[in-house]
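Visitor: The numbering of the sequence shown is the numbering used here, which starts it at 65 and goes up by one.
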Amino acid sequence: MENKILLDIKGLKTYFHTFKGVVKAVDDVSFTLREGEILGIVGESGSGKSVTSFSILKLVEEPGVVKADHIMFGDKDLSHASERDMTKIRGKDISMVFQDPMTSLNPLYTIQRQMEEVLILHEPQMNAAQRRARCLELLSSVGIPNPEERLKEYPNQFSGGMRQRVIIAIALATNPKLLIADEPTTALDVTIQEQILKLMRKLVKEHNTALILITHDLAVVSQMVDRINVMYCGKLVETGTTQDIISYNAHPYTEGLLNSIPKLWEDRDRLDYIPGMVPNMFELPEGCYFAPRCKYCQEICLHKQPEMKRVGPDHMAACHFPLVKDKTGKEEGK
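1) Beta strand (DSSP E) containing Leu277: first to last residue?
2) Can you name, in chain order, every residue of its own chain whose Cβ lies under 6 angstroms from the Cβ of Pro248, other than the five neighbours on each side?
3) Starting from Phe95, follow the beta strand (DSSP E) in both directions and report where the run begins and ends.
4) Check whether the Cβ atoms of Glu347 and Leu366 sit closer than 8 angstroms, and answer yes or no.
5) Answer yes if the segment 334 to 345 comes into contact with the segment 266 to 285, meaning at least three C-beta pairs across the two stretches below 8 angstroms, and no otherwise.
6) Tell me where the beta strand (DSSP E) around Glu187 begins and ends.
7) For the segment 144 to 229, which segments carrying the beta strand (DSSP E) assignment without a break, of at least 3 residues, lie completely within its bounds, in sequence order?
8) My understanding is that Val130 touches Leu282, with C-beta atoms under 8 angstroms, so please give their C-beta distance in whole angstroms.
9) Between which residues of its own chain and Arg374 is the CB-CB distance below 7 angstroms, once the five residues before and five after are set aside?
10) Which of the three DSSP states is assigned to Gly320 in this structure?
11) What's the gap between the Cα of Asp378 and the Cα of Asp308?
12) When you compare each of Asp72, Ser119, Lys68 and Gly376 to Asp246 by their alpha carbons, which one comes out closest?
13) Would you identify the three-state DSSP class for Lys269, choosing helix, strand or coil?
14) Are at least three pairs of beta-carbons, each pair with one atom in the segment 107 to 117 and one in the segment 285 to 300, less than 8 angstroms apart?
15) So is Arg291 buried or exposed if we call it buried at 16+ other beta carbons inside 10 Å?
Next comes the structure, spelled out in structure tokens:
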């Protein structure tokens, strides 16, 4: 039996109105997320993946304007929620882990003070002793040794990986239903990245917390998510299970992202890459936004926007000519 739908987004649009024109940072994006599910949102810089997360939490500042048919979180429509309502939801029911652990903590306050802030705001019934006990429990759960002493210390006394563990602990302090992680390992070295991702997967599975993991790295998400959304120029271009996206990808952009991942078992002189550049968001192509870079481009692609079409039971792609792949992951007839 499948878990209930926790987040249901339909027709999300986040536009930035500037003196040069309108930037459609997120353009008519729709998707769902179930309780306890881990969803990866993948794309190059400027694809709209981070703006999508900020839009859900209503953290987009002017000149940005967020509109949606609905953003249902449980039985609440966040698209119509007031700032007062969102303040109660942020940090309580929905928490976020931001990109840079070096700047996410206040250097002037101890770790204990910063961890207790969210508990004071969202768990007012807890007394000082209960808050301290909860902080110790959280630090232990994220693998920080000697938590009694570390609580008294300041962020500068922690490494980047340890700071990110503290941030994850703060995000999970109130047992949120949804955790959004925006490039949580960007500033960390490769071995620490793996530790943090494994830790996040372990914790969200233990607490049945849904997770949205935002990254530019398909290799990262392929190891830990249940489903993947691929974004390009503000559009959702492909969505499906991890196996669908990795093995039977139907959109040429997804294929390009996967081919550009170095493979240690291949002996080659040059790495694959996606030719061309991401288009200027003020001067987007008339048809498919990926058409100028697509090796499969045909005449219709240059003039007509593709619509999402079903290419599998739980797999959709926005392409006029979706790639059809056999069970080996190779294109049929090629």
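Yeah, the Cβ is synthetic: ideal placement off N, Cα and C, and Gly gets one too.
Guide: According to the structure data:
1) Counted as a single uninterrupted DSSP element, the beta strand (DSSP E) harbouring Leu277 occupies residues Ala274 to Thr279.
2) Excluding positions up to five away in sequence, the list reads Val161.
3) Residues Gly85 to Arg98.
4) In this structure, Leu366 does not lie closer than 8 angstroms to Glu347 by Cβ.
5) The segment 266 to 285 makes no contact with the segment 334 to 345: fewer than 3 CB pairs, one atom from each, lie closer than 8 angstroms.
6) No beta strand (DSSP E) contains Glu187, which DSSP labels as neither H nor E.
7) Runs of the beta strand (DSSP E) inside the segment 144 to 229: 158 to 161.
8) Contact between Val130 and Leu282 fails: their C-beta atoms lie close to 27 angstroms from each other, not under 8 angstroms.
9) Correct list, in chain order: Met380.
10) Note: Gly320 maps to helix in three-state DSSP.
11) Each residue's CA atom was taken as its position, placing Asp378 and Asp308 some 8 angstroms apart.
12) If we check each option's Cα against that of Asp246, Ser119 comes out closest.
13) In the structure shown, Lys269 sits in a helix (DSSP, three-state: H, G or I).
14) Yes, they touch.
15) Per the 10 Å Cβ criterion, buried.
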